[in-house]
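Taking it in order: structure first as structure tokens, then the write-up.
This is the structure in structure tokens:
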């Protein structure tokens, strides 16, 4: 694991309100949000990730079975993770990413698509750049996104998602073999991947040719 000296900017997350460390997820139930908020508010004070029993006691819950269902929903939402197979240890995914770093998966083209090659290393990333779901880092190759301030050699922080809103910058798998970083426009019967370089043309594909693999959350830059 290694860290890099970086200049970074924050990409706004529509789920973040008020304090950027807190999330209000529209698809969470009231109880699930309560559990998430408790973990977030107390993460700096836990001696160890709390167990199911400890969470029940802290939240005034009488049913471990009900808590387990809520925890599973939070796990499926990518917000928390179980430390092991026992009932001890529920922690925030964002906390784990801060402590352990996030995967560096190789190089992505900001020009002509090239393959992202998995690497056996991680990067430490400021928590302000992490999304609400698991994230990974890719290194940019090419200059097709320079008008968005994304330069050759930059590192981009990507939140794992399989869908995106029009106008978001995405990691797209094209024709099931090549990966590129572009701004997406989705129309009936076609997907357009736009560069941010006036000298380059957009890529137009059929919807079944494009698989979204993540959405840009932030950028890191190494200086000489």
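Numbering (my numbering), first residue to last: 134 to 357.
We put the CB at the ideal spot given by N, CA and C, even for glycine.
For clarity, every value in this text was computed on a predicted model and none was experimentally measured.
Residue 163: member of the alpha helix (DSSP H) spanning 163-175, first to last residue. Residue 181 sits in coil when the DSSP states are folded into three classes, being neither helix nor strand. Residue 334 sits exposed, since fewer than 16 C-beta atoms from the chains shown fall within 10 Å of its C-beta. Here residue 240 really is in contact with residue 272; their C-beta atoms are around 5 Å apart, less than 8 Å. Between residue 270 and residue 289, the C-beta gap is smaller than 8 Å, which places the two residues in contact. With distances taken between CA atoms, residue 223 lies nearest to 187 out of 275, 287, 309, 187. The residues 316, 317, 348, 349, in chain order, have a CB closer than 8 Å to that of residue 301 in the same chain once the five nearest residues on each side in sequence are set aside. Cβ atoms of residue 276 and residue 285 come within 8 Å of each other, at about 6 Å. Taking C-beta atoms as the reference points, residue 185 and residue 201 count as a pair closer than 8 Å. Within its own chain, the residues whose Cβ lies closer than 6 Å to the Cβ of residue 168, once the five positions on either side in sequence are excluded, are 203, listed in chain order.
A distance below 6 Å between beta-carbons, with the five flanking residues on each side excluded, links residue 242 to the following residues of its chain, in chain order: 274, 275, 313. Residue 279 is positioned such that its CB atom lies no closer than 8 Å to that of residue 215. For the pair residue 355 and residue 194, the Cα-to-Cα distance works out to about 48 Å.
Sequence-distant partners of residue 297 (beyond 5 residues in either direction) whose C-beta falls short of 7 Å from its own C-beta, in its chain, are 303, 317, 345, 348. If the five residues before and after residue 292 are omitted, its C-beta is found closer than 7 Å to the C-beta atoms of 264, 266, 268, 347, 348, 350, all from its own chain and listed in chain order.
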